[in-house]
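A.B. asks:
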Amino acid sequence: MMMQTPLTMTQMIRRAEKFFPKKEVVSRTGSGIQRFTYKTIAERTKRLAESLQKLGIKRGDKVGTLAWNHHRHLEAYFAIPCSGAVLHTINIRLSPQHIIYIINHAEDQALLIDPDIFPLIEKVKDQLTTVKAFIVMCAEGEMPETTIESVYNYERLLQEASGNYEYPDDLDENAPAGMCYTSATTGNPKGVVYSHRGIVLHSMALGMADSAAVSEKDIALPVVPMFHVNAWGLPFAAVWFGTSLVLPGPYFTPKLIAELIEAEKVTITAGVPTIWLGLLKELDENNYDMSSLRSVLCGGSAAPRGMIKAFEEKHGIPFMHAYGMTETSPLVVISSLKSYQEELSSEEKLNIKAMQGILVPGLEMKVVGKDGEASWDGKEMGELAIRGPWIASGYYRDERSDEAFRDGWLYTGDVVTVDEEGFMKIVDRTKDLIKSGGEWISSVDLENALMAHEAIFEAAVVSVPHEEWQERPIACVVLKEGYKGTVTKEELYTFLQPQFAKWWLPDDILFMEEIPKTSVGKFLKMRLRDQVRTMSSELK
Ligand code: ADP
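The numbering of the sequence shown is our numbering, which starts it at 13 and goes up by one.
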């Protein structure tokens, strides 16, 4: 028999403190770039935990954060769960209504807020029903003026702490450690609660050699916000493994990201495709030394093949595609070539890398088609269902749970195919699939094909209703700067024709200045669909 030691997050921060006190966290805030050792971060984290306790935060209480990626947010990432409370990261780009809903629904007792976000919270303060303390994450001299009582300065709280705090040793590994709400496109956001155990096991998965392989030797730059599924768990894994962290702070640009990678010799970075499209443009226009990068981790929506090719072949930067969702902590599948696939031609390898990848060890999956489980032939489509120790078992106090969680599985709402090698490809979200004449058209495939054209910066494909065919695809494209006015619709059709069956080709291609994006940088298909439908009915 083996020991039953609990998998709690306290061991993660303790390990950084004991084994990696000299390793560094580079943090960009509104007031510039600062450097901290893990020794300092660990001490400050305990002081924060002590301060929260003094403010009356008890075990199981939720503490919300409204913050960018920086060292204070990292301290909150550990101080809150390691003291037994629950770290509730709030997406600062959601509408004020959704932010109010989330804070009230989670019953946050305290909020840790960045100074630039504080005015928003000040405005809606009277609608927050449970918050007792507002802590502004800045230096004392940077405190915003306010009339709210119970506002505290983060640095002052840390100074006033005794420094004698120790984390409790009796936390339950199944107790809640974190929570996150999905960035709802319809209805109110849905809450997902992460357990200590789930976070520990998910961090292990991030460290596996055939997964993201995060290690002590890495310098990790999470561009993905710390309010978007815990920056995909990277800060947790990094602290545990003693990985150096570079946190890019508020309002960053592609130029800033490129400069940080070059200056800090970043080895691994993570973000959604729109971030990488922006970086690619920057790399095409200016010279940077990106040779330190061993992996650009990309997920959240499909990484276009053309973009992967440009990163790998034009700029020599290895690219890694992954898939997951808020409900799954998020890592589910990751695209790492098998040993014998390394022998394939570069085009064949690109085809594999453009798929989302294979299931990480520890999870189980099935693909549910029209008539039971779909076969793994790369063609038959079905909805992906997953289960495992870092997969949510329901939404937090939400009657919509039954739609997604059935018979012990999470039904993802993503339509996929899986090939003979077990590589999964996302065909579409169920709601974005275009149903044309009883057949399905994948908006993702059309988008990827368009984004492989040298003139196209971004492309999104949505459906419009059609009398005969039920739905038909319309493509919306944004051209790169130098190509505006030089490319015609006909040229784009000629480019698409050899790649698709005739009935897949979009009924129209619209040139746009910009494609609307969600709060986490994905194409906002719902709004685009409305825009396109209005435009096409006006044309009629
Ligand atoms: P939201 O639902 O707010 O967008 P999530 O980040 O949880 O928040 O989104 C999860 C969804 O994102 C998945 O269900 C899937 O549709 C999509 N997704 C995630 N990664 C990929 C990927 N690599 N390729 C295609 N789609 C992806």
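We treat Cβ as the ideally placed atom computed from N, Cα and C, and that holds for glycine.
Let me know if residue 15 comes out buried or exposed under the rule of 16 or more other beta-carbons within 10 Å of its beta-carbon.
C.D. replies: Walking along the sequence shown from the start, residue 15 turns up at place 3. The residue in question, residue 15, is exposed, as its Cβ has fewer than 16 Cβ neighbours within 10 Å.
A.B. asks: Give me, in chain order, the residues of the same chain whose beta-carbon lies closer than 6 Å to that of residue 283; leave out the 5 immediate sequence neighbours on both sides.
C.D. replies: Here residue 283 refers to the residue found at position 271 of the sequence shown. Non-local C-beta neighbours of residue 283 in its own chain, meaning closer than 6 Å and more than five positions away in sequence, comprise 235 and 236, ordered along the chain.
A.B. asks: Between residue 147 and the ligand ADP, is there a pair consisting of the residue's CB and a ligand heavy atom that are separated by less than 7 Å?
C.D. replies: Within the sequence shown, the letter at position 135 stands for residue 147. Not so, every heavy atom of the ligand ADP lies at least 7 Å from the Cβ.
A.B. asks: Can you give the Cα-Cα distance for residue 530 and residue 331, rounded to whole angstroms?
C.D. replies: The residue given as residue 530 occupies position 518 in the sequence shown. The residue given as residue 331 occupies position 319 in the sequence shown. One C-alpha to the other measures close to 23 Å.
A.B. asks: For residue 352, verify whether its CB is less than 7 Å away from any heavy atom of the ligand ADP.
C.D. replies: Within the sequence shown, the letter at position 340 stands for residue 352. No, the Cβ of residue 352 stays beyond 7 Å of every heavy atom of the ligand ADP.
A.B. asks: CA-CA distance, residue 541 and residue 476?
C.D. replies: For the purposes of this step, residue 541 is taken as the residue at position 529 of the sequence shown. For the purposes of this step, residue 476 is taken as the residue at position 464 of the sequence shown. Each residue's alpha carbon lies about 7 Å from the other.
A.B. asks: For the alpha helix (DSSP H) that residue 506 lies in, which residues bound it at each end?
C.D. replies: Against the sequence shown, residue 506 aligns to sequence position 494. That run of the alpha helix (DSSP H) goes 501-508.
A.B. asks: Take residue 210 as the anchor and find which of 162, 370, 547 and 375 has the nearest alpha-carbon.
C.D. replies: For this step, residue 210 is matched to residue 198 along the sequence shown. Ranking the options by Cα distance to residue 210, first place goes to 375.
A.B. asks: To which residues of the same chain is residue 388 closer than 8 Å at the C-beta, ignoring the five residues directly before and after it?
C.D. replies: Here residue 388 refers to the residue found at position 376 when the sequence shown is read from its first residue. If we look at residue 388 and ignore the five residues flanking it on each side, its Cβ neighbours are 379, 430, 431, 432 and 434.
A.B. asks: So if DSSP puts residue 48 in a beta bridge, which residue, or which two residues, is it bridged to?
C.D. replies: Stepping through the sequence shown from its first residue, residue 48 is reached at position 36. Bridge partners of residue 48: 37.
A.B. asks: By Cβ distance, which residues of its chain are closer than 6 Å to residue 482, with the 5 residues on each side in sequence left out?
C.D. replies: Taking the first residue of the sequence shown as position 1, residue 482 is located at position 470. Counting only Cβ-Cβ distances below 6 Å, and skipping sequence neighbours, we find 447.
A.B. asks: Does the Cβ of residue 368 lie closer than 7 Å to at least one heavy atom of the ligand ADP?
C.D. replies: Start at 1 with the first residue of the sequence shown, and residue 368 comes out as number 356. Within the cutoff, so yes.
A.B. asks: Name the residue from 492, 177, 126 and 245 whose alpha carbon lies nearest to the alpha carbon of residue 155.
C.D. replies: By one-based count along the sequence shown, residue 155 stands at place 143. The shortest C-alpha separation from residue 155 is found at 126.
A.B. asks: Would you decide whether residue 221 is buried or exposed? Buried here means 16 or more other CB atoms lie within 10 Å of its CB.
C.D. replies: Translated into positions along the sequence shown, residue 221 becomes position 209. By the 10 Å Cβ count, residue 221 comes out exposed.
A.B. asks: Residue 141: beta carbon under 7 Å from a heavy atom of the ligand ADP?
C.D. replies: Counting from one through the sequence shown, the residue named residue 141 turns up at place 129. No, the beta carbon of residue 141 sits no closer than 7 Å to any heavy atom of the ligand ADP.
A.B. asks: Does at least one heavy atom of the ligand ADP sit under 7 Å from the Cβ of residue 333?
C.D. replies: By 1-based counting over the sequence shown, the position of residue 333 is 321. Yes, since a heavy atom of the ligand ADP falls inside the 7 Å radius drawn around the Cβ of residue 333.
A.B. asks: Find the nearest neighbour of residue 419 within the set 405, 411, 425 and 427, judged by alpha-carbon distance.
C.D. replies: Counted from its first residue, the sequence shown places residue 419 at position 407. Taking the Cα of residue 419 as reference, the smallest distance to any Cα among 405, 411, 425 and 427 is reached at 405.
A.B. asks: Hey, could you find the ends of the alpha helix (DSSP H) residue 117 is sitting in?
C.D. replies: Translated into the one-based positions of the sequence shown, residue 117 becomes position 105. Residue 117 -> alpha helix (DSSP H) spans 108-118.
A.B. asks: Does the beta-carbon of residue 441, which I'm using as the reference point, lie nearer than 7 Å to any heavy atom of the ligand ADP?
C.D. replies: Counting from 1 along the sequence shown, the entry for residue 441 is found at position 429. Checking every heavy atom of the ligand ADP against the Cβ of residue 441, one is found closer than 7 Å.
A.B. asks: To the nearest angstrom, how far is the alpha carbon of residue 310 from that of residue 13?
C.D. replies: On the sequence shown, residue 310 is found 298 positions in, with the first residue counted as 1. On the sequence shown, residue 13 is found 1 positions in, with the first residue counted as 1. Cα to Cα, residue 310 sits roughly 40 Å from residue 13.
A.B. asks: Taking the runs of the alpha helix (DSSP H) that are 4 residues or longer, which of them lie wholly in the region 286-345?
C.D. replies: 317-321
A.B. asks: If I'm right that residue 147 touches residue 177 with Cβ under 8 Å, what's the distance once you round it to whole angstroms?
C.D. replies: The residue labelled residue 147 in the question sits at position 135 within the sequence shown. The residue labelled residue 177 in the question sits at position 165 within the sequence shown. Actually they do not touch by this definition, with Cβ atoms about 16 Å apart.
A.B. asks: At a threshold of 7 Å, does residue 587 count as lining the ligand ADP (C-beta to nearest heavy atom)?
C.D. replies: Residue 587 is absent from the model: the chain starts at 13 and stops at 552.
A.B. asks: Compute every distance between the C-beta of residue 337 and the non-hydrogen atoms of the ligand ADP, then say whether any falls below 7 Å.
C.D. replies: Within the sequence shown, the letter at position 325 stands for residue 337. Yes, the ligand ADP has a heavy atom inside 7 Å of this Cβ.
A.B. asks: Could you name the residues of the same chain whose beta carbon sits closer than 6 Å to that of residue 402, not counting the 5 residues immediately before and after it, in chain order?
C.D. replies: Against the sequence shown, residue 402 aligns to sequence position 390. Result list for residue 402: 210, 213, 214 and 341, in chain order.
A.B. asks: By the three-class DSSP mapping on this structure, what secondary structure does residue 376 have?
C.D. replies: Counted from its first residue, the sequence shown places residue 376 at position 364. DSSP places residue 376 in strand when its eight states are reduced to three.
A.B. asks: Keeping to the same chain, check which residues put their C-beta closer than 7 Å to that of residue 444; ignore five residues upstream and five downstream.
C.D. replies: Mapped onto the sequence shown, residue 444 falls at position 432. So the list reads 455 and 537, once near-sequence residues are dropped.
A.B. asks: Compare the Cα-Cα distances from residue 367 to each of 383, 347 and 357 and report the closest residue.
C.D. replies: Residue mapping note: residue 367 aligns to position 355 of the sequence shown, counting from 1. For the residues 383, 347 and 357, the minimum Cα distance to residue 367 belongs to 347.
A.B. asks: Around the C-beta of residue 66, are 16 or more other C-beta atoms found within 10 angstroms, so that it is buried, or is it exposed?
C.D. replies: Position 54 of the sequence shown, counted from the first residue, corresponds to residue 66. So residue 66 counts as exposed.
A.B. asks: Under the rule that 16 or more other beta-carbon atoms within 10 Å means buried, what is residue 260, buried or exposed?
C.D. replies: Position 248 of the sequence shown, counting from 1, holds the residue named residue 260. The residue in question, residue 260, is buried, as its Cβ has 16 or more Cβ neighbours within 10 Å.
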